[in-house]
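Participant: The numbering of the sequence shown is the numbering used here, which starts it at 127 and goes up by one. Beta carbons: idealized from backbone N, C-alpha and C, even for Gly.
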Amino acid sequence: MASYPVNPRDPGDSYLGFWRERHVCTLSTFRPDGTPHMVPVGVTYDPGAGLARVIASGSSKKVRNVLAAGPGGMPVAVCQFEGRRWATLEGRATVSGDPERVAEAVRHYAERYNRTPSPNPARVVIEIALTSAMGNC
Numbered sequence: 127m128a129s130y131p132v133n134p135r136d137p138g139d140s141y142l143g144f145w146r147e148r149h150v151c152t153l154s155t156f157r158p159d160g161t162p163h164m165v166p167v168g169v170t171y172d173p174g175a176g177l178a179r180v181i182a183s184g185s186s187k188k189v190r191n192v193l194a195a196g197p198g199g200m201p202v203a204v205c206q207f208e209g210r211r212w213a214t215l216e217g218r219a220t221v222s223g224d225p226e227r228v229a230e231a232v233r234h235y236a237e238r239y240n241r242t243p244s245p246n247p248a249r250v251v252i253e254i255a256l257t258s259a260m261g262n263c
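1) The alpha helix (DSSP H) that contains Trp174, what's its start and end?
2) List the DSSP bridge partners of Gly143.
3) Let me know the secondary structure DSSP gives Arg227 once reduced to three states.
4) Ignore the nearest five residues each way along the sequence and tell me which others in Asn191's own chain have a CB closer than 8 Å to its CB.
5) Per DSSP, what kind of secondary structure is Arg190 in: helix, strand or coil?
6) What's the call for Arg179, buried or exposed, on a 16-neighbour Cβ count within 10 Å?
7) Does the Cβ of Gly168 have 16 or more other Cβ atoms within 10 Å, making it buried, or fewer, making it exposed?
8) Applying the 10 Å Cβ sphere with the 16-neighbour rule, what's the burial state of Gly261?
9) Quick one: what's got a C-beta closer than 8 Å to Asn240's C-beta in the same chain, skipping five residues either side?
10) Using CA coordinates, which residue listed in Val132, Gly176, Thr214 and Phe144 is at the minimum distance from Leu153?
11) What are the uninterrupted segments assigned as alpha helix (DSSP H) that are 4 or more residues long and contained completely in the segment 195-260, given in chain order?
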């Protein structure tokens, strides 16, 4: 069983297996006034790329929070749990509207959640460059 801490680029089979299961996750960002903003999201985890991805509408509060942090991005965390099993990924989030990056994020989402999201011309991807991971799964 993987336990705190975990190498986000080499997480081990049980940790990665947990991230391949279908779970609703949370994303924690910060509002410009410094208060936390936590929302349910779908997250995909790509340890080979060192990324976690969240697809979102470009006008969403989570996207606006990350954009407000400036070009260097914002430190964020994504988390999922089921019973006593849990996993958190942390890193620096940036937003991309690049069609290839958005398509890649949608592809990963469709694989993990077994459904392709409805088309959304305002869709962007929040890419989280992973710096740490922890969990018990």
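Facilitator: A quick look at the data gives this:
1) This sequence places Gly at residue 174; Trp is not what is there. Counting along the chain, Gly174 falls outside any alpha helix (DSSP H), and DSSP gives it neither H nor E.
2) Assignment of beta-bridge partners to Gly143 by DSSP yields no partner.
3) Of the three classes helix, strand and coil, the one that applies to Arg227 here is helix, per DSSP.
4) Taken in chain order, the residues that qualify are Thr155, Phe156, Arg157, Pro158, His163 and Met200.
5) The three-state secondary structure of Arg190, taken from DSSP, is helix.
6) With 16 or more other Cβ atoms from the protein chains shown falling within 10 Å of its own Cβ, Arg179 counts as buried.
7) By the 10 Å Cβ count, Gly168 comes out buried.
8) Here Gly261 is buried: its Cβ has 16 or more other Cβ atoms, across all protein chains shown, within 10 Å.
9) In chain order, Arg148 place their CB closer than 8 Å to the CB of Asn240, counting only its own chain and leaving out the 5 sequence neighbours on each side.
10) It is Thr214 whose Cα lies nearest to the Cα of Leu153.
11) Fully enclosed alpha helix (DSSP H) runs of 4 or longer: 225-239.
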